[in-house]
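>
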Amino acid sequence: MPSRPQPRVISASRRTDIPAFFSEWLVNRVREGFCRVRNPFNPNLITTVDLTPEAVDAMVFWTRNPLPLLPIWASSRNAACLSPF
């Protein structure tokens with residue numbers, strides 16, 4: 004039996020509160036299917052992260068204010084993926 008790849012969970016916004024302040028940016032990045040992340044310890048190292056549904060099993064958002072993200076996310080093609088709790 005072929006093995007399934009390891010689940011991929013994106014832990015977003017630990018350095019900045021993306022849902023509260025950059026919701027539109029996040030939805031645009033997911034729509035484009037990737038984002039680039041600069042390493043905070045080595046600013047010259049930039050990693051491209053695949054955000055396509057085939058590559059990501061879940062996204063975890065660290066926020067104190069999810070309200071700005073909810074209407075934007077609900078109107079995007081990713082509405083079925085959002086499960087706030």
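Numbering (the numbering used here), first residue to last: 4 to 88. Even for Gly, the Cβ is constructed at its ideal location relative to N, Cα and C.
Going by other Cβ atoms of all chains shown within 10 Å of its Cβ, with 16 needed for buried, is L72 buried or exposed?
On the sequence shown, position 69 is the one that residue 72 refers to. Classification for L72: buried.
> With DSSP run on the structure shown, which of helix, strand or coil describes A15?
Here residue 15 is taken as the residue at index 12 of the sequence shown, counted from 1. Here A15 sits in strand by DSSP.
> Output the boundary residues of the alpha helix (DSSP H) element that contains F24.
Translated into positions along the sequence shown, residue 24 becomes position 21. F24 -> alpha helix (DSSP H) spans 21-24.
> Compare the Cα-Cα distances from S14 to each of R34, N31, E57, V52 and report the closest residue.
For the purposes of this step, residue 14 is identified with residue 11 of the sequence shown, where counting begins at 1. Ranking R34, N31, E57, V52 by Cα distance to S14 puts V52 first.
> For W28, count the other beta carbons within 10 Å of its own beta carbon; 16 or more makes it buried, fewer makes it exposed. Which is it?
Within the sequence shown, numbered from 1, the residue matching residue 28 stands at position 25. W28 should be labelled exposed.
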